[in-house]
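As C-alpha cells, the structure follows; a few thoughts come after it.
In the UniProt record's numbering, the protein residues as written are 1 to 414.
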C-alpha cells in the first residue's frame, strides 16, 4: 500500500505535536537512551580497535546441521547483522562472476548506463552511490536466489523474528519469496562512489504513518528498553511513500552475496551493528533543537540519512564488515544503519549480488504479482528505476531456468 502526504511540513508538525503529547518527558527519556547508546557504541569501537570482529560470523554448515548456538543467535539479534560463511562453493561463484561479466559486456550495458533513468533515492546522502548495475535477471542472479543454500540461509534468518505477537501471525518464515535486486561491480581504484550512513525501508513515514508508529509503539511510549527490533507486529502492514527504488516488500534482512573477495578498504559495506539504534533515531527527531517541521533532515521517498550533527554517538560504532570470500554472504536487519566505503583501495573487483531475506506475507505476495511480469519481459522490477535494460539482452534468464522452488518463490503459484 502507498502513503500519500499532500503537505509534508504540516504533517511533520502534527506528528511531532502528537508524539510529544504522548511522551511529555521526551527530553529525559532521550537523555537516558543517549547515554546507553553512547556506551554501547563506544564498547563496539573498543572491540573493533582491539582487532575483534563486531559483526557475528556463522558457518553455513552449522546452519545446515542445526549447530548455531543460542549465544550466537543472541549476538546476531543484538548486533542486527551477521556474515554467513561458505554459503556457496567458491568455484561456482567465480563462474557466476565471469558469467555476469560476459552478460553485461555482450549486451553493451556500459553504453546503456549513460542514459539510465535518474535514481534520486540517495540524492540527499553526502556520498553519491556505488557502481550499481540495473541488472536483475542474469542467470547467476536467478540461480542464486532460488538455490537451496540461500533458501535455507534465509529461512534461518526469518526464524530469528517473532512471527506471532499481539494476537496475530505476521508472516511465514519458511517460505522465501524473491525480491529481485541489482548487482554491484566496483573496479579497483574507484573513489567517491560510496554511500554515507543511512537506513532503508522508510524515512518520514516512521513518525507519520500509523502502522510504523505501532511498530515503534514502545519507543514512542518512552519504554525504549521494551522495544524488540525482531518483533514483526505491524511491520507487514506499514505504508511507504511511493518512490522509485524504495523497497515496498517487507525484508527481515537486507543482504548481499560476495562474488569476489573483499574486505575493509575495498569499498565495501559498513554497519552500525546496534539492532535497536532506530529507537535513538526516532526520539532524536523529537528534541527541541530540531525544527518543528523537520525530522533531522529526513526526506520523503529517499533513504533515511543518518547525520553526524544529529546522531554523532552512533558513528563511533560504524564498522567495515570483515574480509569476505567469494561465496560468503552478509545480512543486516532492515532497520540497521549502513554505509559503503567511499574508496576502493584494493586490487581486484568488489562485486556482489544483492539478495535479501524476505518472508511470505500478504504485503510481499502483492509485490510478487507486480514483479512477475517484469521477470517474464526482462523489465526492471516495480521498485526500481524504469531503465528496462534487459528486455532485449541476449542470455537473460527465462522461466525455463526456474526450478520448482524458483517458480514458487517468484510467485507463479499465486
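Where a beta carbon is used, it is the ideal one built from N, C-alpha and C, also for glycine.
By a C-beta neighbour count over all protein chains shown, 10 Å radius and 16 as the cutoff for buried, is residue i buried or exposed?
{"i": "residue 257", "result": "buried"}
{"i": "residue 107", "result": "buried"}
{"i": "residue 43", "result": "exposed"}
{"i": "residue 121", "result": "A caution first: residue 121 carries a pLDDT of 48, below 50, which makes its placement in the model too unreliable to give a value."}
{"i": "residue 147", "result": "buried"}
{"i": "residue 390", "result": "buried"}
{"i": "residue 347", "result": "exposed"}
{"i": "residue 373", "result": "exposed"}
{"i": "residue 427", "result": "It is not possible to answer for residue 427, since the shown part of the chain is limited to 1 through 414."}
{"i": "residue 432", "result": "One cannot answer for residue 432 here, as it falls past the ends of the chain, which runs 1 to 414."}
{"i": "residue 22", "result": "exposed"}
{"i": "residue 351", "result": "buried"}
{"i": "residue 118", "result": "Legend: pLDDT at residue 118 = 44, less than 50; position of this residue unreliable, no value from coordinates given."}
{"i": "residue 83", "result": "buried"}
{"i": "residue 394", "result": "exposed"}
{"i": "residue 79", "result": "buried"}
{"i": "residue 141", "result": "buried"}
{"i": "residue 276", "result": "buried"}
{"i": "residue 186", "result": "buried"}
{"i": "residue 415", "result": "Because the chain is modelled from 1 through 414, residue 415 falls outside the range shown and cannot be assessed."}
{"i": "residue 163", "result": "buried"}
{"i": "residue 196", "result": "buried"}
{"i": "residue 183", "result": "buried"}
{"i": "residue 16", "result": "buried"}
{"i": "residue 411", "result": "buried"}
{"i": "residue 396", "result": "buried"}
{"i": "residue 76", "result": "buried"}
{"i": "residue 421", "result": "Residue coverage of the chain in this structure runs from 1 to 414, which leaves residue 421 outside it and unanswerable."}
{"i": "residue 167", "result": "exposed"}
{"i": "residue 19", "result": "buried"}
{"i": "residue 305", "result": "buried"}
Could you tell me how far apart the beta carbons of residue i and residue j are, in whole angstroms, since I believe they sit closer than 8 Å?
{"i": "residue 229", "j": "residue 359", "result": "With 8 Å as the limit, residue 229 and residue 359 do not qualify as a contact, their Cβ atoms being about 15 Å apart."}
{"i": "residue 326", "j": "residue 259", "result": "6 Å"}
{"i": "residue 337", "j": "residue 199", "result": "6 Å"}
{"i": "residue 56", "j": "residue 244", "result": "With 8 Å as the limit, residue 56 and residue 244 do not qualify as a contact, their Cβ atoms being about 33 Å apart."}
{"i": "residue 153", "j": "residue 60", "result": "7 Å"}
{"i": "residue 231", "j": "residue 165", "result": "5 Å"}
{"i": "residue 238", "j": "residue 212", "result": "5 Å"}
{"i": "residue 357", "j": "residue 235", "result": "Rounded, the Cβ-Cβ distance is 13 Å, inconsistent with contact."}
{"i": "residue 29", "j": "residue 283", "result": "7 Å"}
{"i": "residue 383", "j": "residue 248", "result": "6 Å"}
{"i": "residue 416", "j": "residue 227", "result": "The structure shown does not extend to residue 416, since the chain is modelled only from 1 through 414, so no value can be given for it."}
{"i": "residue 33", "j": "residue 161", "result": "At roughly 23 Å, the Cβ-Cβ gap does not stay under 8 Å, so residue 33 and residue 161 are not in contact."}
{"i": "residue 208", "j": "residue 11", "result": "5 Å"}
{"i": "residue 176", "j": "residue 371", "result": "About 14 Å separates the two Cβ atoms, so there is no contact after all."}
{"i": "residue 313", "j": "residue 41", "result": "5 Å"}
{"i": "residue 345", "j": "residue 265", "result": "5 Å"}
{"i": "residue 45", "j": "residue 332", "result": "Between residue 332 and residue 45 the Cβ distance is about 18 Å, and since that is not below 8 Å, they are no contact."}
{"i": "residue 255", "j": "residue 355", "result": "6 Å"}
To which residues does DSSP link residue i through a beta bridge?
{"i": "residue 394", "result": "According to DSSP, residue 394 bridges with nothing at all."}
{"i": "residue 218", "result": "Note: residue 218 sits in no beta bridge, so no partner."}
{"i": "residue 254", "result": "332"}
{"i": "residue 269", "result": "340"}
{"i": "residue 133", "result": "183"}
{"i": "residue 262", "result": "324"}
{"i": "residue 231", "result": "162"}
{"i": "residue 240", "result": "2"}
I want to check one thing, is the minimum distance from the CB of residue i to the heavy atoms of the ligand FAD below 7 Å?
{"i": "residue 149", "result": "Of the ligands one can find in the structure shown there are none, so the ligand FAD has no counterpart to examine."}
Would you check if there are 3 or more beta carbon pairs closer than 8 Å linking the region 215 to 228 to the region 289 to 305?
-> no
Should the region 49 to 69 be regarded as contacting the region 198 to 206, the criterion being three or more beta carbon pairs within less than 8 Å?
-> no
Segments assigned beta strand (DSSP E), at least 3 residues, entirely inside the region 45 to 98 | 57 to 59 and 81 to 85
At which residue ranges does the region 295 to 372 contain complete alpha helix (DSSP H) runs of 4 or more residues, listed in the order of the chain?
-> Counting whole runs of 4 or more residues, the region 295 to 372 contains the alpha helix (DSSP H) stretches 308 to 315.
Count the C-beta pairs between the region 284 to 291 and the region 364 to 371 that are closer than 8 Å, then say yes if the count reaches three, no if not.
-> no
Within the chosen definition, does the region 329 to 348 reach the region 89 to 97 through at least 3 CB pairs nearer than 8 Å?
-> no
Sufficient close CB pairs (3 or more, under 8 Å) joining the region 378 to 389 to the region 132 to 144 | yes
Every unbroken alpha helix (DSSP H) inside the region 145 to 227 [4 residues or more] | 148 to 158, 205 to 208, 210 to 215 and 217 to 220
Counting Cβ pairs closer than 8 Å, one from the region 303 to 322 and one from the region 262 to 279, do we hit at least three?
-> yes
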